[in-house]
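For reference, the structure discussed in these notes is given below.
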Amino acid sequence: MKILLDTHILIWVLENNKSLTSFHKSILADTRNEKIVSQLSFIEIAIKINIGKLPGFNISLHDFMYHVRNNGFSMLPIANKHLITYTMLPFIGNHKNPFDRMLIATAINENMTIITVDDKFKLYKNLIRLL
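As numbered in full-length UniProt numbering, residues 1 to 131 make up the sequence shown, in order.
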């Protein structure tokens, strides 16, 4: 299964955060699953570092990216087709988070399952698979 990590899951994995459930840990530890990180997650982290929304993030983005590459994650660039799908993605409920919506567009295009604990993704359950 191709698993696209939501940004907070990616951070939790590399921090070994206790918020990561045993279910999520087992999915990510399963070598049959391809763990994929969108380039968008690094953009989101960079923005949040700059505006002070990740105060506990104590590693440079460069080092973080290095750890992602060296821990068995595939890095997926943002593609034009992801952007085009993003522009066509319906607004469901009150959900307008551009990072979430772009990950959803990416998952649609690449036939991936998103791993997250963010309940807002459930609004799109008819369009994507979630863990």
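Here a beta-carbon is modelled for each residue, glycine too, at the ideal position from N, C-alpha and C.
Item, Value
"Please tell me whether L103 and I115 are closer than 8 angstroms, where the distance is taken between their beta carbons.", "no"
"Quick one, which of S22, L40, L20 and I36 has its alpha-carbon nearest Y86's?", "L40"
"Report yes or no: do three or more beta-carbon pairs, one from the segment 3-14 and one from the segment 23-40, lie closer than 8 angstroms?", "yes"
"Report buried or exposed for M112, applying the criterion of at least 16 other Cβ atoms within 10 angstroms of its Cβ.", "buried"
"Looking at L123 and G93, is the spacing between their C-beta atoms short of 8 angstroms?", "yes"
"For the candidate residues I49, P55 and G72, whose alpha-carbon lies nearest to that of H62?", "I49"
"Take the Cβ of F73 as the centre, count every other Cβ of all protein chains shown within 10 Å, and call the residue buried at 16 or more, exposed below.", "buried"
"Please state the DSSP three-state secondary structure of R129.", "strand"
"Throw me the rounded Cβ distance for the D100 and K120 pair, which I believe falls under 8 angstroms.", "6 angstroms"
"Rounded to a whole number of angstroms, what is the C-alpha to C-alpha distance between F23 and N71?", "19 angstroms"
"I'd like to know whether the C-beta atoms of L130 and I27 end up nearer to each other than 8 angstroms.", "no"
"How should F64 be labelled, buried or exposed, when 16 other C-beta atoms within 10 angstroms of its C-beta is the threshold for buried?", "buried"
"What residue range does the beta strand (DSSP E) around T113 cover?", "T113 to I115"
"What's the gap between the Cα of K25 and the Cα of N17?", "11 angstroms"
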